Amino acid sequence: MVAKGKGKRGGSGVEANPAIGERGDFLRVLITMPGPMLAELKALGVQRRMAGHKDSSVSALAREAIATLLAKERGG
């Protein structure tokens, strides 16, 4: 079930940003990115937090972007 205002689903139909207690099957992944890109993500997170969004961490933003990419690639 997707709560109103929650993150997007990826191509596999998995919720990108479920509630914290519902992330038991998530795997920890390390990614490398340019400093300016990380700075932009952090700034976007601050903007979203100030606008009242709960999913504003860099990890949440990355999961949302990946879910969008996967859905697009699979025609969703």
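Okay, so the sequence shown: first residue is 331 according to this note's numbering, each after it adds one.
Virtual Cβ for every residue (Gly too), placed ideally from N, Cα, C.
Quick caveat: nothing in here was measured; it's all calculated off a predicted structure.
Per DSSP, the unbroken alpha helix (DSSP H) holding residue 375 starts and ends at 365-380.
Under a 10 Å Cβ-count criterion, residue 368 is classified as exposed, with fewer than 16 other Cβ atoms of the shown protein chains found around its own Cβ. Non-local beta-carbon contacts of residue 361 in its own chain, meaning distances under 8 Å to residues more than five positions away in sequence, involve 392 in chain order. Apart from sequence neighbours up to five positions away, the residues of its chain that approach residue 371 with a beta-carbon distance below 6 Å are 388 and 391, ordered along the chain. Residue 344 and residue 403 have their C-alpha atoms some 15 Å from each other.
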